[in-house]
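Since the structure comes first, as structure tokens, the remarks are kept for the end.
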Amino acid sequence: MREIEQLVIVPGRAERRYWRDLWRYRELFLFLAWRDILVRYKQTVIGIAWAVLRPVLIMLVFTLVFGVLGKFPSDGVPYPILVYCAILPWQFFSSALSEASNSLIGNSNLISKVYFPRLIIPAASIITSFVDFLIACLVLAGLMAWYGYWPDWRVVWLPAFVLLALAATMGCGFWLTALNVKYRDFRYIVPFIVQFGLYVSPVGFTSSVVPDEWRLLYSLNPMVGIIDGFRWSLLGGKFPLHVPGLLLSAALSLAILILGIRYFRRTERSFADVI
132 MREIEQLVIV
142 PGRAERRYWR
152 DLWRYRELFL
162 FLAWRDILVR
172 YKQTVIGIAW
182 AVLRPVLIML
192 VFTLVFGVLG
202 KFPSDGVPYP
212 ILVYCAILPW
222 QFFSSALSEA
232 SNSLIGNSNL
242 ISKVYFPRLI
252 IPAASIITSF
262 VDFLIACLVL
272 AGLMAWYGYW
282 PDWRVVWLPA
292 FVLLALAATM
302 GCGFWLTALN
312 VKYRDFRYIV
322 PFIVQFGLYV
332 SPVGFTSSVV
342 PDEWRLLYSL
352 NPMVGIIDGF
362 RWSLLGGKFP
372 LHVPGLLLSA
382 ALSLAILILG
392 IRYFRRTERS
402 FADVI
């Protein structure tokens with residue numbers, strides 16, 4: 132007669148094994164990310180070209196409004212390149228927030244039936260937006276080739292600012308995902324946050340137009356330091372970094388990531404009950 136295996140549940144053990152489980156369920160993470168990539172542009176006419184078309188349209192509008200009509204300074208850099216360098220991190224941030232905030236609700240059946248670390252779901256949706264970000268980077272390469280404008284040695288710092296953007300995006304995404312499960316009002320609040328953030332971030336203009344006495348306060352928006360870092364690494368010394376503002380933005384991004392994970396973990400136990 133075959134011996135029946137016993138399952139013993141030890142209090143507190145699940146908490147200690149949570150981060151190990153994230154690695155154990157890595158295949159589920161890859162599956163969800165790949166599924167979201169396939170579904171995002173399913174039954175669309177131009178398909179994945181939307182990943183390029185959206186930032187290009189924003190670039191054209193901002194170039195017309197701020198560059199042509201507003202006559203904002205570009206310090207000798209072609210205005211489309213100036214704007215597009217800022218659109219890349221912002222588009223990734225805004226798209227990932229929208230996708231992540233609704234990710235748990237969209238997978239409610241999966242959450243209520245089987246155990247796995249719930250952090251996988253919003254993380255997979257953020258990675259999907261990151262793939263769009265990488266595709267959109269090809270347009271920047273094309274713009275620089277068209278204008279004959281190439282980055283210098285500072286481009287080696289670009290991966291650091293990409294990681295910083297990823298940290299800020301994941302932190303905010305985890306916060307909004309958890310809040311949206313409990314308070315469905317956030318499905319209306321998130322689009323407002325994204326739209327408002329676009330105009331208070333230096334996307335269509337440079338941070339140099341902000342008076343020096345307000346630069347540090349302006350950097351309380353974490354995307355300010357990230358966007359400035361993208362421009363500095365891609366466009367060279369014409370856009371010097373405001374070091375105190377950058378350090379503040381970096382510290383806030385890391386703090387948001389840590390606190391976002393902690394809040395998500397604290398509320399995760401109730402997701403299956405309230406979703």
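Per my numbering, residue 132 is the first one in the sequence shown, and the count goes up by one each step.
Think of the CB as a built atom: it goes at the ideal place given N, C-alpha and C, for glycine as much as any other residue.
Within 10 angstroms of the Cβ of residue i, are there 16 or more other Cβ atoms? Answer buried if so, exposed if not.
i	result
N240	exposed
R362	buried
W221	buried
V355	buried
G391	buried
V321	buried
G237	exposed
I387	buried
I358	buried
F160	buried
L295	buried
Leaving aside the five residues before and after residue i along the sequence, list all residues of the same chain whose C-beta is less than 6 Å from its C-beta, in chain order.
i	result
G360	F292
Y210	T194, G198
S350	G356, G376, L379, S380
A231	P253, S256, I257, G304, T308
R346	H373, G376
D399	It should be noted that the sequence gives Glu, not Asp, for residue 399. Excluding sequence neighbours, E399 sits near R249.
One question on the structure: do residue i and residue j come within less than 8 Å of each other, judged by their Cβ atoms?
i	j	result
Y149	P248	yes
F317	L307	yes
I242	L235	yes
A255	F395	no
P353	L383	yes
L274	I212	yes
T300	I168	no
Give me the Cα-Cα distance between residue i and residue j, rounded to the nearest whole angstrom.
i	j	result
C268	Y246	37 Å
V374	W165	38 Å
L365	L289	7 Å
I140	D152	Residue confidence is low: I140 scores 42 on pLDDT, short of 50, so the model does not pin down where it sits. Its coordinate-derived value is still stated next. The straight-line gap from Cα to Cα measures roughly 16 Å.
K244	V312	17 Å
A182	C216	15 Å
Y172	S401	32 Å
E344	P371	17 Å
F327	I189	15 Å
R393	R157	20 Å
Note the first and the last residue of the continuous alpha helix (DSSP H) segment covering residue i.
i	result
K244	239-244
G356	353-366
W165	157-171
L250	Per DSSP, L250 belongs to no alpha helix (DSSP H) and is neither H nor E.
L295	289-313
R185	181-193
R397	374-398
Y280	Premise fails: Y280 is in no alpha helix (DSSP H) and is neither H nor E.
L348	343-349
F332	A small correction: the amino acid at residue 332 is Ser; Phe does not occupy that position in the sequence shown. S332 -> no alpha helix (DSSP H), and no H or E assigned at all.
V214	210-232
Note down, in chain order, each residue of its chain lying with its Cβ closer than 8 Å to the Cβ of residue i, except the 5 sequence neighbours on either side.
i	result
F261	F223, A227, L297
K202	none
G367	P282, D283, R285
L219	P186, F264, A267, C268, L271, F361
K369	D206, G207, V208
For residue i, I'd like the list of residues in its chain whose CB is within less than 7 Å of its CB, leaving aside the five on either flank, ordered along the chain.
i	result
F193	V214, V334, G335
V325	S225, L228, S229
L163	I251, I252, A255
Does chain D have any CB closer than 8 Å to the CB of residue i?
i	result
Q326	Structure shown: chain D not included; a single protein chain is present.
Comparing the CB of residue i with every heavy atom of the ligand COA, is any distance shorter than 7 Å?
i	result
W154	Within the structure as shown, the ligand COA is missing, as the structure has no ligands at all.
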